[in-house]
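So for the sequence shown, our numbering puts the first residue at -9; every next one is plus one. Remarks on the structure that follows.
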Amino acid sequence: MTGASVTRRETLAGLSALSLSACAGGAGPAVGASPSGAADGLHQIAQRKGLRFGSAIAYGAEGSDSGSIGNPAYRKVVERECGLIVPENEMKWQATRPGPDQYNFAAFDAIVRYAKSKGLDIRGHTLLWHRPKWMPAWVNNYDYGARPATEAARLVTSHIETVTRRYSGVIHSYDVVNELFDDQSGAFVDTSISTAMGSPEAVVDLAFHTARAELPDAELVYNDYMSWEPGMGNHRAAVLRLLEGFRKRGTPCDALGVQSHIEMRTIDRATGIGTHDLKEWRDFCDQVTGMGYRLLLTELDVKDNGLPADYAARDAGVAKYLTAYMEVMLSYPQLRDILAWGMVDKYSWLQGFAPRADGLPQRCCPYGDDFKPHPMRAALAELLASAPARA
Ligand code: XIL
-9 MTGASVTRRE TLAGLSALSL SACAGGAGPA VGASPSGAAD GLHQIAQRKG
41 LRFGSAIAYG AEGSDSGSIG NPAYRKVVER ECGLIVPENE MKWQATRPGP
91 DQYNFAAFDA IVRYAKSKGL DIRGHTLLWH RPKWMPAWVN NYDYGARPAT
141 EAARLVTSHI ETVTRRYSGV IHSYDVVNEL FDDQSGAFVD TSISTAMGSP
191 EAVVDLAFHT ARAELPDAEL VYNDYMSWEP GMGNHRAAVL RLLEGFRKRG
241 TPCDALGVQS HIEMRTIDRA TGIGTHDLKE WRDFCDQVTG MGYRLLLTEL
291 DVKDNGLPAD YAARDAGVAK YLTAYMEVML SYPQLRDILA WGMVDKYSWL
341 QGFAPRADGL PQRCCPYGDD FKPHPMRAAL AELLASAPAR A
């Protein structure tokens, strides 16, 4: 389907080939469950509490050394620990939309086939990443013609309809819109699409309404990285304003995706973990859930920049910080899905995006480069096992 519009026939053919079993959240195959549950995978532990655990995974050709479906060692970790997966990049416009009327689903389809073969559920990420940096170049340079708002709307609706129809019955939860704000000022970041349509709100509302029209029963999520670290107040306030606006305008958004790229920049002497605005964060989550939104942790990882070089000390610090964060998040019954943004350190995006000052690798994922679990994995198991059960 590379370089060609997707016809209805192709869409239907894609569907029957890709259709997953109706059982959402199929149990990720487990390794030898013991009576105590000690050897269970994270998803199995989660399931007992009405939760699900999953991870991002990329596309890679068989044998590739990456956090992908092509790496047998990575697959083994994912199949042991996860009940659902999310494509790291393969559903984004940069991957699927090489031109205004062209689609390419080859890489993402391979991930969906993999999920199907393993009984893994799959989340959609993302129908619209509203950042010029993450748009294909053609979008940033697009000539919207004489009726820019109409043409911009066409680009958005055609994209969302094409993707959601193709994976109808397969994907039940989508990050419809991702990252609308400048994290310092809390102001909207424009794209050529929002400029053409007149406002970011117009784009976002259109995206959610289009997704809802296609998927009456799916979970529609606004996803962003506002978090509990100091300095994120404006970002949190902006997201709250957005979610309030959705409710006032009747924008069909069901849940907030809390990306959860949590970070230890400085260590708080009193608690011994990364500084964080606990009260402000609880207030934020209370207000979000108070408006009736569900919560998902969509991209969990831990930046360890503030911790010492020593691996054992770092791993312990990461596990402790993660525990403090997860205890807060798991206290919200509205939270059901927890997805790591990758399972193995060396394949994490953070190695490139958030390098440590000392040049050492981040120890940011549940598993180390030797494919052995970090203390973070044990902390997750413990947290999930002791989480309050969901109805
Ligand atoms: C990241 C991927 O992990 C990278 O491989 C890619 O180069 C950039 O995007 N927030 C998101 C994710 O919503 O899509 C991002 O994923 C990480 C931050």
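Don't be surprised by glycine CBs; every beta carbon is placed ideally from N, CA and C.
Check whether residue i and residue j have beta carbons under 9 Å apart
i	j	result
L233	Y212	yes
L325	L373	no
P220	T265	yes
A377	K39	yes
P88	Y49	no
E209	Y157	no
E169	R121	yes
D305	M366	yes
G296	I257	yes
A302	A369	no
I47	Y132	no
L350	A299	yes
A85	A100	no
I75	S54	no
H149	W83	yes
V146	T200	yes
Same chain, Cβ closer than 6 Å to residue i, five either side skipped, listed in chain order
i	result
L384	There is no way to answer for residue 384, as the model of the chain reaches only from -9 to 381.
S184	P190, V193
T288	N213, G247, Q249, L329
W218	H266, D267, W271
L118	V167, A197
T313	A369
A344	K293
A375	I35
L41	R326
F274	R226
A127	none
L5	For L5, the predicted model reports a pLDDT of 39, less than 50, meaning its position is unreliable; a value from the coordinates is still stated below. There are no such residues.
Cβ-Cβ separation, residue j to residue i (assumed contact under 8 Å), whole Å
i	j	result
D294	G307	7 Å
L286	V248	7 Å
E71	G31	5 Å
I263	Y322	Not quite, the Cβ-Cβ distance comes to about 20 Å (not below 8 Å), so this is no contact.
R239	M281	With a Cβ gap of about 13 Å, R239 and M281 do not count as contacting.
R284	P242	Not quite, the Cβ-Cβ distance comes to about 13 Å (not below 8 Å), so this is no contact.
D173	M222	7 Å
G188	A139	6 Å
Beta-carbon contacts of residue i that lie in its chain and below 7 Å, excluding the five residues immediately before and after
i	result
G176	N224, H225, A227, A228
C355	D291, A330, G332, M333, V334, D335, S338
F361	A63, V67, V334
E52	G60
P363	P356, Y357
D348	A299
R380	K39, G40, L41, P323, R326
S56	A48, G50, Y337
S58	I47, A48, Y49, G50, Y64
N130	P122, S182
P316	The question names Pro, yet the displayed sequence has Met at residue 316. Result list for M316: L373, in chain order.
CB contact below 9 Å: residue i versus chain C
i	result
H33	Considering every chain present, this structure includes no chain C. It has just one protein chain.
Contacting residues, own chain, Cβ-Cβ under 8 Å from residue i (five flanking each side not counted)
i	result
Y134	E141, A142, S182, A186
D244	E209, L210, V211, Y283, R284
If we count Cβ pairs, one from each stretch, closer than 8 Å, do we get three or more for the segment 110 to 118 versus the segment 84 to 93?
-> no
Per the contact definition of three or more C-beta pairs closer than 8 Å, is the segment 254 to 274 in contact with the segment 325 to 335?
-> no
Unbroken stretches of the beta strand (DSSP E), 3 residues or longer, contained in the segment 170 to 217 = 209 to 214
Report the residue ranges of all beta strand (DSSP E) runs contained in full by the segment 97 to 144; include only those spanning at least 3 residues, in chain order.
-> 114 to 119
Give, in chain order, every unbroken run of the beta strand (DSSP E) that is at least 3 residues long and sits entirely within the segment 321 to 350.
-> 325 to 330
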